[in-house]
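> Mind the numbering: the sequence shown is residues 0 to 123 in numbering that gives the first Met the number 0, read in order.
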Amino acid sequence: MNWMEIIGAHVMWKQRLTAFIAGSSTETLDPEAIRTDDRCALGKWIYGAGRAMADLPRYEEVRALHAQFHQNAAEVVALHLAGKTDEAEKLLQGDYSKLSEKLKHRLIGLSQQVKAAAEGTPRF
Numbered sequence: 000m001n002w003m004e005i006i007g008a009h010v011m012w013k014q015r016l017t018a019f020i021a022g023s024s025t026e027t028l029d030p031e032a033i034r035t036d037d038r039c040a041l042g043k044w045i046y047g048a049g050r051a052m053a054d055l056p057r058y059e060e061v062r063a064l065h066a067q068f069h070q071n072a073a074e075v076v077a078l079h080l081a082g083k084t085d086e087a088e089k090l091l092q093g094d095y096s097k098l099s100e101k102l103k104h105r106l107i108g109l110s111q112q113v114k115a116a117a118e119g120t121p122r123f
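Dropping the structure here:
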């Protein structure tokens, strides 16, 4: 599992959403596809091999934040597609950005816990 790639992919979503709202994106974004949190690499890990790490202190928090991250990203797209671009922008710059930043930091913490568990060192 490459945690930096996982974190980077989620951080890049803000740029993707910003471009989508601005009309400078060539991507077709589907809110329902975005809403599902088990299709990206992190989601596949959380609901797959990562379940073995479910007792780690950050696991459940990351799982919940990741699900909310996908919900917020989907809502940004849905609002824009509904012609509510101002609301989409407000969500993107507000709650979405705060949540994305929190998820990034919790992912770093979880990655450290996973590494420590794999090495057999005490969990924190």
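In this text, a Cβ means the ideal position worked out from N, Cα and C, and glycines have one as well. Note that the coordinates shown come from a computational prediction; the quantities given were computed from them, not determined experimentally.
L64 and L109: beta carbons closer than 8 Å?
Their beta carbons are not under 8 Å apart, which means L64 does not touch L109 by this criterion.
> Looking at the unbroken alpha helix (DSSP H) that takes in L102, where does it start and where does it end?
Per DSSP, L102 belongs to the alpha helix (DSSP H) from S96 to E118.
> Between which two residues does the alpha helix (DSSP H) holding P56 run?
No alpha helix (DSSP H) contains P56, which DSSP labels as neither H nor E.
> Do you know offhand how far E60's Cα is from Q112's?
When rounded, the distance between both Cα atoms is 13 Å.
> Span of the alpha helix (DSSP H) holding T17?
Where T17 is concerned, the enclosing alpha helix (DSSP H) stretches over W2 to A21.
> Roughly how many angstroms separate the alpha carbons of K114 and G47, rounded to a whole number?
Cα-Cα distance, rounded: 17 Å.
> Report the rounded CA-to-CA distance for H69 versus A117, giving the unit in angstroms.
Cα to Cα, H69 sits roughly 28 Å from A117.
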